[in-house]
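Visitor:
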Amino acid sequence: MSLSEFASFCKKKGFFYPSSEIYGGLSGFYDYGHLGTRLKHNFENIWRKYFLSLDDNYHEIETANIMHSNVFKASGHLDHFIDPIVNCSKCDFADRADHVLEKALNKRAEGISSEQLTQEIKKNKLNCPRCGSLFKPVSVMNMMFPLTIGVGKTTQAYLRPETAQSPYVNFKLQYELLRNKLPLGLALIGRAYRNEISPRNLILRQREFTQAELQIFFNPAKITEHKHFDLIQNYKLKALLIEDRKGDLAVERTAGELVKLGLPKFYVYHLVKIQQFYFDILKIPENKFRLYQLNDQEKAFYNKYHFDLELGLNDVGWTEVGGLHYRTDHDLSGHQNVSKENMNVFDEESGQKLIPHVLELSFGVDRNVYALLDLNYEDNKERGNVILHLPEDLAPYGYAFFPLVKNNPELLAKAERVYRLFSGHDCYFDVSGSVGRRYARADEMGVNYCITIDFDSLQDDSVTIRDRDTTKQVRVKIEDLKTDLMLLMAGQRKFEELGKQIR
Ligand code: GAP
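Numbered continuously in my numbering, the sequence shown closes out at residue 668.
(1) Quick one, which of F454, T375, E390 has its alpha-carbon nearest L402's?
(2) Which value, in whole angstroms, describes the spacing of the CA atoms of R617 and I630?
(3) Give the C-beta separation of R372 and E361 to the nearest angstrom, bearing in mind that I take them to be a contact with Cβ-Cβ under 8 angstroms.
(4) Considering just the uninterrupted stretch of the alpha helix (DSSP H) at P574, what are its terminal residues?
(5) Is the beta carbon of R261 within less than 8 angstroms of some heavy atom of the ligand GAP?
(6) Could you pull the start and end residues of the beta strand (DSSP E) that L324 belongs to?
(7) For Y215, which option in G656, I446, G529, L663 has the closest C-alpha, if you only look at C-alpha atoms?
(8) DSSP on L653, reduced to helix/strand/coil?
(9) So, are the CB atoms of G276 and K464 less than 9 angstroms apart?
(10) Which residue comes first and which comes last in the alpha helix (DSSP H) that contains R606?
(11) With respect to 8 angstroms, is the separation between the Cβ of G487 and the closest non-hydrogen atom of the ligand GAP below this value?
(12) Using only the alpha-carbon positions, how far apart do K642 and F660 sit?
(13) Within its chain, find whatever has a CB closer than 7 angstroms to the CB of V346; leave out the 5 residues flanking it on each side and keep chain order.
(14) Measuring alpha carbon to alpha carbon, tell me which residue in G664, L342, S167, F300 is nearest L367.
(15) Counting along the chain, where does the beta strand (DSSP E) carrying S173 start and finish?
(16) Counting pairs of beta carbons, one from the stretch 632 to 651 and one from the stretch 196 to 210, are three or more of them closer than 8 angstroms?
(17) Taking only heavy atoms of the ligand GAP into account, decide whether any of them is closer than 8 angstroms to the Cβ of L474.
(18) Evaluate the contact criterion for the stretch 387 to 407 versus the stretch 424 to 436: three or more CB pairs, one atom per stretch, below 8 angstroms.
(19) In terms of residues, what are the limits of the beta strand (DSSP E) holding H224?
(20) For K255 and R295, what's the separation of their Cα atoms in angstroms?
(21) My understanding is that I250 touches R261, with C-beta atoms under 8 angstroms, so please give their C-beta distance in whole angstroms.
(22) Can you tell me whether DSSP reads F194 as helix, strand or coil?
(23) Excluding the 5 residues preceding and the 5 following Y494 in the sequence, name in chain order all residues of the same chain whose CB lies nearer than 6 angstroms to its CB.
(24) In whole angstroms, give me the CA-to-CA distance for H233 and A322.
(25) Give me whichever residues DSSP pairs with S304 in a beta bridge.
(26) Indicate whether L459 and Y535 have their beta-carbon atoms separated by less than 9 angstroms.
(27) For D591 and Y564, I'd like the C-alpha separation in whole angstroms.
(28) Count the other C-beta atoms from every protein chain shown that fall within 10 angstroms of the C-beta of R359, then say buried if there are 16 or more, exposed otherwise.
(29) So, with DSSP's three-state summary, where would you put T419?
(30) With a Cβ-Cβ cutoff of 9 angstroms, do L291 and V265 count as a contact?
(31) So the candidates are E327, N533, S363, L342; which of them puts its Cα closest to the Cα of G355?
(32) Quick one: is the Cβ of D634 within less than 8 angstroms of any heavy atom of the ligand GAP?
(33) Using only alpha-carbon positions, find the residue among L369, K272, K425 that is nearest to D413.
(34) What is the residue span of the beta strand (DSSP E) that Y564 lies within?
(35) Does the ligand GAP have even one heavy atom less than 8 angstroms from the beta-carbon of P326?
(36) Relative to the alpha-carbon of N399, which residue among M306, R418, L405 has its alpha-carbon at the smallest distance?
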């Protein structure tokens with residue numbers, strides 16, 4: 166499936182499509198339709214449930230998207246949140262310089278200085294792809310969107326380029342409100358804005374996007390320990406360390422081995438929790454996941470340790486969908502310097518006053534939604550339709566209810582009664598077209614189970630459940646249906662164990 170085929174599928178089904186499209190669209194902005202919104206919310210809810218339950222002292226906050234300019238002076242974004250740009254010397258073509266080089270040489274060029282990029286572009290004789298002219302020397306561009314607020318005496322502000330700064334400026338107050346305990350986790354799911362030089366690949370690189378980030382504030386002296394490390398020390402991680410760079414393949418190493426190689430236990434524990442999230446909850450195939458360690462040149466300016474979470478996507482290849490960032494006290498100290506708010510706090514456990522360090526678990530929601538669609542997409546020639554193999558809890562709808570025909574009032578009334586038993590759950594009712602057509606539509610939406618109410622149902626008070634992935638069917642009593650489906654969705658009952666097998 167090509168990117169354009171995927172884009173047209175996502176639009177046709179109501180997952181996502183370009184924003185402001187009736188006016189020709191706006192590059193780097195996308196809207197989610199009725200199915201995409203459900204999928205995105207399901208991802209966010211699963212993310213919340215999983216990461217907030219890692220510790221009793223992790224909490225979610227909701228904050229403003231527009232922030233004071235001093236926030237970004239303190240965080241370093243005003244000076245360092247820049248991307249290298251190449252402009253054509255003749256036409257108006259412009260692109261990210263590292264992307265131009267990556268495309269031409271088929272290797273990563275992230276983090277290379279502007280001077281080096283200029284030299285490499287010259288050395289490799291790369292010219293403007295539009296008119297063939299020479300490029301100008303590489304320059305840099307700050308990626309934040311500035312705003313002017315108010316009338317008369319105006320205030321300079323910015324749309325936040327990452328959600329992370331909001332928990333940092335909230336930290337002191339929340340620490341006190343939550344009774345002075347470390348580690349403290351502040352999670353936030355919200356919008357981030359970046360004036361990307363070259364938005365591309367649908368929702369993978371946008372100018373407005375959603376992040377789900379957890380900032381863990383902890384005592385830096387405790388980075389070498391985690392109270393549950395013993396439970397995961399033999400867990401095998403799929404990591405591509407800097408020293409493994411010759412190939413594309415991640416090497417399996419236990420959590421304990423990574424600690425021996427110099428990574429702190431607190432950091433490695435969270436690498437494990439992230440990988441388990443992808444394998445156990447999102448059900449991402451193991452060969453499509455890797456933890457990619459960044460070197461000093463590639464790391465974000467605020468990070469001491471930095472692994473990207475990468476997924477092997479169709480057509481676009483390995484793609485960063487998140488990261489685990491050890492940001493030290495970079496941000497809190499920066500905010501202390503600029504705001505003059507003292508970020509030293511009293512840690513009751515150690516009896517010390519300290520500026521906490523931050524471990525950031527960062528995820529791009531849109532990139533994860535894209536990956537879930539991409540990796541679960543199957544164009545099934547035998548069935549003649551697409552199947553979205555989305556796991557339970559993620560699929561936009563768990564169930565669909567189909568009366569066999571729509572012109573029999575008794576059958577329709579019975580089907581509606583069964584459907585109403587589920588109102589408030591993730592389900593819909595569909596009467597239009599043949600049952601086969603309705604199954605195909607449901608497959609393309611990723612519906613886990615279809616429930617058909619037929620003429621026999623009028624006699625035996627039973628219905629048929631059809632499994633999306635296998636098309637197997639079982640006949641169950643209406644009185645058992647709710648419990649059976651709940652157990653199926655929770656993975657506590659196998660499909661084959663329900664009612665009477667039909668085929
Ligand atoms: N707070 C840390 C931070 O913002 P980042 O690596 O710049 O780190 C985190 O961004 C995640 O946000 C990325 O891993 C990616 O999934 C997502 N992301 C970044 N830029 C994006 C863009 N232009 N469009 C969509 N998602 C993006």
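Heads up, the beta-carbon is just placed ideally off N, CA and C, and yes, glycines get one too.
Guide: Inspection of the coordinates gives the following:
(1) F454
(2) With the sequence shown as reference, residue 617 is identified as Thr, and Arg is not the correct amino acid for it. Taking the straight line joining both Cα atoms gives about 7 angstroms.
(3) 5 angstroms
(4) 574 to 585
(5) no
(6) 320 to 324
(7) I446
(8) helix
(9) yes
(10) 600 to 610
(11) yes
(12) 14 angstroms
(13) The sequence given here has Lys at residue 346, not Val. Cβ neighbours of K346 beyond the five flanking positions: N222, E513.
(14) S167
(15) Not the beta strand (DSSP E): S173 falls in the alpha helix (DSSP H), residues 168 to 178.
(16) no
(17) yes
(18) yes
(19) 223 to 225
(20) 10 angstroms
(21) 6 angstroms
(22) coil
(23) The identity of residue 494 in the sequence shown is Asp, whereas the question assumes Tyr. Excluding residues within five positions, the ones whose Cβ falls inside 6 angstroms are I520, H522.
(24) 5 angstroms
(25) I250
(26) no
(27) 7 angstroms
(28) buried
(29) strand
(30) yes
(31) E327
(32) no
(33) K272
(34) 564 to 568
(35) yes
(36) R418
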